[in-house]
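Enquirer:
Number of protein chains: 2
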Amino acid sequence: MARLYHVPLSPYCRKVRLSLAEKKIECELVEERYWERDPDFLRRNPAGKVPVLRIDGKVMAESAPICEWLEDMYPEPSLLPLTPDERYEVRRLINWFDDKFHAEVTSKLLYERVNKKIMKKGYPDSSNVKAGAQAIKFHLDYMTWLLERRRWLAGDRMTLADFAAAAHLSCLDYISDVDWNRSDTVKDWYAKIKSRPAFRSILADQVPGFPPPSHYADLDF
Amino acid sequence: MARLYHVPLSPYCRKVRLSLAEKKIECELVEERYWERDPDFLRRNPAGKVPVLRIDGKVMAESAPICEWLEDMYPEPSLLPLTPDERYEVRRLINWFDDKFHAEVTSKLLYERVNKKIMKKGYPDSSNVKAGAQAIKFHLDYMTWLLERRRWLAGDRMTLADFAAAAHLSCLDYISDVDWNRSDTVKDWYAKIKSRPAFRSILADQVPGFPPPSHYADLDF
Numbered sequence: 351m352a353r354l355y356h357v358p359l360s361p362y363c364r365k366v367r368l369s370l371a372e373k374k375i376e377c378e379l380v381e382e383r384y385w386e387r388d389p390d391f392l393r394r395n396p397a398g399k400v401p402v403l404r405i406d407g408k409v410m411a412e413s414a415p416i417c418e419w420l421e422d423m424y425p426e427p428s429l430l431p432l433t434p435d436e437r438y439e440v441r442r443l444i445n446w447f448d449d450k451f452h453a454e455v456t457s458k459l460l461y462e463r464v465n466k467k468i469m470k471k472g473y474p475d476s477s478n479v480k481a482g483a484q485a486i487k488f489h490l491d492y493m494t495w496l497l498e499r500r501r502w503l504a505g506d507r508m509t510l511a512d513f514a515a516a517a518h519l520s521c522l523d524y525i526s527d528v529d530w531n532r533s534d535t536v537k538d539w540y541a542k543i544k545s546r547p548a549f550r551s552i553l554a555d556q557v558p559g560f561p562p563p564s565h566y567a568d569l570d571f
Numbered sequence: 351m352a353r354l355y356h357v358p359l360s361p362y363c364r365k366v367r368l369s370l371a372e373k374k375i376e377c378e379l380v381e382e383r384y385w386e387r388d389p390d391f392l393r394r395n396p397a398g399k400v401p402v403l404r405i406d407g408k409v410m411a412e413s414a415p416i417c418e419w420l421e422d423m424y425p426e427p428s429l430l431p432l433t434p435d436e437r438y439e440v441r442r443l444i445n446w447f448d449d450k451f452h453a454e455v456t457s458k459l460l461y462e463r464v465n466k467k468i469m470k471k472g473y474p475d476s477s478n479v480k481a482g483a484q485a486i487k488f489h490l491d492y493m494t495w496l497l498e499r500r501r502w503l504a505g506d507r508m509t510l511a512d513f514a515a516a517a518h519l520s521c522l523d524y525i526s527d528v529d530w531n532r533s534d535t536v537k538d539w540y541a542k543i544k545s546r547p548a549f550r551s552i553l554a555d556q557v558p559g560f561p562p563p564s565h566y567a568d569l570d571f
């Protein structure tokens with residue numbers, strides 16, 4: 351069976367988990383406290399980060415290349431469209447969330463509030479938290495703009511771009527940092543993703559010391 | 351003709367320039383001082399970053415999706431192998447350089463020494479410069495390790511992974527921050543890339559206030 355080294359509140363790990371689950375690839379989840387830099391783990395991934403996926407005799411790191419490999423090897427159901435222009439748009443949005451959204455929002459809210467405590471790196475920096483809470487509004491508005499023009503973020507079909515976005519938002523929702531009242535459009539989109547069987551394991555995540563709010567796992571939030 | 355909005359010492363822009371040139375796609379280069387946030391430019395790319403490529407009636411942002419699109423639309427010569435495992439390795443290494451190397455080296459040396467001055471954001475932070483100068487050694491050693499096992503970084507053919515690495519190293523070489531004496535293996539690899547016709551425009555770059563060292567454009571460095 352495949353095995354994924356992960357942490358529950360990593361948007362990059364969640365994107366891979368969603369992709370695996372959507373493709374019905376059975377996978378054992380192993381929590382890896384990567385910041386403790388266990389030598390065995392560093393052998394698997396010299397970059398010292400999660401996710402790391404062991405599958406079909408291979409060990410792979412980096413969520414974007416892993417998801418592309420899964421598309422190549424397990425093409426059904428497809429999470430990447432067939433035309434170059436549509437593929438570009440999916441990849442652009444994956445980058446938008448994994449790079450820009452991550453820098454402006456996820457790292458400023460989730461990492462300040464949760465990761466710092468778990469990794470024993472001190473207290474949240476309130477100016478970062480404020481900046482993240484401000485920036486997420488702009489991103490929700492951008493998502494609204496996209497979703498008023500398309501059924502899913504990158505076009506008329508659900509793709510890896512939706513999983514990238516939902517991976518970040520679900521981590522932030524776990525710590526009550528998403529204001530779902532800001533946009534019915536985004537809320538409807540998230541409700542569609544949230545109700546997929548692939549999302550179940552993510553809604554069941556529990557991080558000791560950080561109980562999720564009751565709406566987190568509620569499909570009717 | 352295609353048009354690339356870029357800055358000369360951006361590794362992401364250089365990766366796209368190398369890919370375009372290798373595929374013999376003629377492209378006009380337009381320097382874009384993206385940090386001045388010109389409204390016309392922000393319309394082209396709401397993320398406000400370079401590179402932005404206008405080609406075949408499309409406007410695209412983000413170097414990795416752009417390079418994938420170029421592979422899809424202009425497959426010859428191919429810079430991405432055909433098997434899923436080989437493609438994974440290329441993408442993993444692109445991420446390695448554009449994410450990890452960028453965070454540990456490029457942002458600490460190039461951005462401190464050059465970008466801060468150009469963007470009028472103060473003086474270099476010497477602790478960052480020191481950390482970057484230390485980290486590049488580890489990365490050169492990792493490249494040596496790879497290149498002792500393979501002709502090119504990701505395998506037996508030149509790929510986008512080599513361009514990603516060469517894009518970062520060439521920017522750092524412009525400010526004399528690469529110690530070529532550390533590894534003959536890496537130096538030989540860089541000499542092979544540097545002598546390609548696709549590299550010529552990069553070797554001709556000039557940034558006002560930052561003259562390159564004489565070895566920068568010398569094929570026999």
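In order, the protein sequence lines correspond to chains H and E.
Each residue of the first sequence is one higher than the one before, counting from 351 in our numbering.
Each residue of the second sequence is one higher than the one before, counting from 351 in our numbering.
For every residue, glycine included, the Cβ atom is placed at its ideal position computed from N, Cα and C.
None of the values given here were measured: they were computed from a predicted structure.
Suppose contacts are defined by Cβ-Cβ distances below 7 Å. Is arginine 442 (chain E) in contact with proline 558 (chain H) by that definition?
Expert: Not closer than 7 Å, so no.
Enquirer: List, in order along the chain, the chain H residues whose C-beta lies closer than 8 Å to that of asparagine 355 (chain E)?
Expert: Note on residue identity: the sequence assigns tyrosine, not asparagine, to residue 355 (chain E). Here the premise fails: no neighbours, minimum Cβ distance about 15 Å.
Enquirer: By Cβ distance, which residues of its chain are closer than 6 Å to leucine 420 (chain E), with the 5 residues on each side in sequence left out?
Expert: So the list reads Ser369, once near-sequence residues are dropped.
Enquirer: Spatial neighbours of glutamate 462 (chain H) within its chain, please: CB distance less than 8 Å, with the 5 preceding and 5 following residues excluded, ordered by chain position.
Expert: For glutamate 462 (chain H), where only same-chain residues beyond five positions count, the Cβ hits under 8 Å are Pro474, Asp475, Asn478, Val479 and Gly482.
Enquirer: Hey, how far is the Cα of proline 361 (chain H) from the Cα of cysteine 521 (chain H)?
Expert: Rounded to the nearest angstrom, the two C-alpha atoms are 6 Å apart.
Enquirer: Counting pairs of Cβ atoms below 8 Å between the region 509 to 525 of chain H and the region 427 to 444 of chain H, do you hit three or more?
Expert: The answer is yes - the region 427 to 444 of chain H touches the region 509 to 525 of chain H, with three or more Cβ pairs under 8 Å.
Enquirer: Contact defined as beta carbons within less than 8 Å: I believe leucine 460 (chain H) pairs with isoleucine 525 (chain H). What is the distance between those atoms, to the nearest angstrom?
Expert: So it is a contact: roughly 6 Å between Cβ atoms.
Enquirer: Could you tell me which whole alpha helix (DSSP H) segments of length 4 or greater appear in the region 498 to 534 of chain E?
Expert: Listed in chain order, the complete alpha helix (DSSP H) runs (minimum 4 residues) inside the region 498 to 534 of chain E are 510 to 524.
Enquirer: Evaluate glycine 505 (chain H) with the Cβ neighbour count: other Cβ atoms within 10 Å of its Cβ, from every protein chain shown; 16 or more gives buried, anything less gives exposed.
Expert: When all chains shown are included, glycine 505 (chain H) counts as buried.
Enquirer: The alpha helix (DSSP H) with leucine 370 (chain H) in it runs from where to where?
Expert: Unbroken alpha helix (DSSP H) run through leucine 370 (chain H): 361 to 372.
Enquirer: If the cut is a Cβ gap below 8 Å, which residues of chain H does alanine 481 (chain E) touch?
Expert: The contacting residues do not exist; alanine 481 (chain E) stays about 16 Å from chain H at best.
Enquirer: Looking only at DSSP bridge pairs, what is phenylalanine 560 (chain H) linked to?
Expert: Per DSSP, H:Val557.
Enquirer: So which of H:Thr456, H:Ile468, H:Asn531 and H:Glu454 has the shortest CA-CA distance to arginine 383 (chain H)?
Expert: Per the Cα distances, H:Ile468.
Enquirer: Less than 8 Å between the CB atoms is what I'm expecting for proline 434 (chain E) and aspartate 422 (chain H), so what's the real figure, rounded?
Expert: Yes, proline 434 (chain E) and aspartate 422 (chain H) are in contact; Cβ-Cβ is about 4 Å, under 8 Å.
Enquirer: Should the region 487 to 506 of chain H be called in touch with the region 397 to 416 of chain E, which here means at least 3 C-beta pairs below 8 Å?
Expert: The region 487 to 506 of chain H is not in contact with the region 397 to 416 of chain E.
Enquirer: Measuring only between beta-carbons, confirm whether alanine 397 (chain E) sits less than 7 Å from chain H.
Expert: Yes, because at least one Cβ of chain H sits closer than 7 Å to the Cβ of alanine 397 (chain E).
Enquirer: In its own chain, which residues sit with a C-beta less than 6 Å from the C-beta of tryptophan 539 (chain E), not counting the 5 before and 5 after it?
Expert: Within the same chain, tryptophan 539 (chain E) has close Cβ partners Leu497.
Enquirer: Give the interface partners of asparagine 445 (chain E) over in chain H, defined as CB-CB distance under 8 Å, in chain order.
Expert: Correct list: Glu412, Ala414 and Pro415.
Enquirer: At the level of alpha carbons, what is the spacing between phenylalanine 549 (chain H) and lysine 374 (chain H)?
Expert: Distance between the alpha carbons of phenylalanine 549 (chain H) and lysine 374 (chain H): 12 Å.
Enquirer: Per DSSP, which one or two residues make a beta bridge with glutamate 378 (chain H)?
Expert: Looking at the DSSP assignment, glutamate 378 (chain H) forms a beta bridge with H:Arg353.
Enquirer: Taking 7 Å as the threshold (beta carbon to beta carbon), is glutamate 418 (chain H) in contact with chain E?
Expert: For glutamate 418 (chain H), the answer is yes, since a Cβ of chain E falls inside 7 Å of its Cβ.
Enquirer: Pick from E:Ala554, E:Asp390, E:Asp523 and E:Asn465: whose alpha carbon is nearest that of arginine 367 (chain E)?
Expert: Closest by alpha carbon: E:Ala554.
Enquirer: Are the CB atoms of histidine 518 (chain E) and phenylalanine 451 (chain E) nearer to each other than 7 Å?
Expert: Yes. Within cutoff.
Enquirer: Is the Cβ of tyrosine 524 (chain E) closer than 7 Å to any Cβ of chain H?
Expert: Output row for tyrosine 524 (chain E): interface = no.
Enquirer: What residues match up with alanine 411 (chain E) in a beta bridge as DSSP calls it?
Expert: In the DSSP output, where bridge partners are listed per residue, alanine 411 (chain E) has E:Val402.
Enquirer: Taking 7 Å as the cut-off, decide whether the C-beta atoms of cysteine 377 (chain H) and leucine 392 (chain H) are in contact.
Expert: No, they are not a contact pair.
Enquirer: What are the complete alpha helix (DSSP H) segments, minimum 4 residues, inside the region 438 to 465 of chain H?
Expert: As far as the region 438 to 465 of chain H is concerned, its whole alpha helix (DSSP H) runs of at least 4 residues are 457 to 460.
Enquirer: Just to confirm the assignment, what range does the alpha helix (DSSP H) spanning leucine 429 (chain E) have?
Expert: That residue, leucine 429 (chain E), is in no alpha helix (DSSP H); it is neither H nor E in DSSP.
Enquirer: Could you confirm whether any beta carbon from chain E is found closer than 7 Å to the beta carbon of tyrosine 362 (chain H)?
Expert: With 7 Å as the cut-off, tyrosine 362 (chain H) does not count as an interface residue toward chain E.
Enquirer: Check whether chain H comes within 7 Å of arginine 441 (chain E), counting only Cβ atoms and requiring the distance to be less than that.
Expert: So, interface residue.
Enquirer: For tyrosine 438 (chain H) and chain E, any beta-carbon pair shorter than 7 Å?
Expert: It does; some Cβ of chain E falls within 7 Å.
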